[in-house]
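In our numbering, the protein residues as written are 4 to 114.
A short write-up of the structure that comes next.
In structure tokens:
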């Protein structure tokens, strides 16, 4: 494993108080050349063919619908719904693409 560096920067804004949140993030990762120690010259030669740096830059946007705040809850059940989109803008020796997701988080509490 080589040396690496990772950065994550983002923020969230509440579009509707205690109800709707928008989240945005940028993330970047860098991994340097792998370090290895060997007493086998043939293995060292083979490793150099499959050894390399990796870097990427991602962007993520996510919307959260909040129904877990007891003052603003609609109905008797607490839940939050989220959906998002993530895309890799820059890739070097790694995969490139996008994904989207949706989910629900529920809460059960007994007294």
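For each residue, glycine too, the CB sits at the ideal point set by N, CA and C.
Coil, strand or helix - residue i by DSSP
| i | result |
| --- | --- |
| residue 20 | coil |
| residue 83 | strand |
| residue 52 | helix |
| residue 37 | coil |
| residue 71 | coil |
| residue 45 | helix |
| residue 59 | strand |
| residue 6 | coil |
| residue 96 | coil |
Contact under 9 Å by Cβ, residue i with residue j
| i | j | result |
| --- | --- | --- |
| residue 66 | residue 97 | no |
| residue 105 | residue 84 | yes |
| residue 107 | residue 82 | yes |
| residue 59 | residue 93 | yes |
| residue 3 | residue 57 | This structure leaves residue 3 out entirely; the chain is present only between 4 and 114. |
| residue 15 | residue 30 | no |
| residue 22 | residue 75 | yes |
Alpha-carbon to alpha-carbon, residue j and residue i
| i | j | result |
| --- | --- | --- |
| residue 90 | residue 32 | 14 Å |
| residue 40 | residue 46 | 10 Å |
| residue 87 | residue 103 | 6 Å |
| residue 26 | residue 55 | 33 Å |
| residue 17 | residue 72 | 14 Å |
Residues bridged to residue i (per DSSP)
| i | result |
| --- | --- |
| residue 101 | 90 |
| residue 77 | Per DSSP, none; premise fails for residue 77. |
| residue 32 | 9, 59 |
Would you call the stretch 35-51 and the stretch 62-77 touching, i.e. three or more CB-CB distances under 8 Å? Segments in contact, no.
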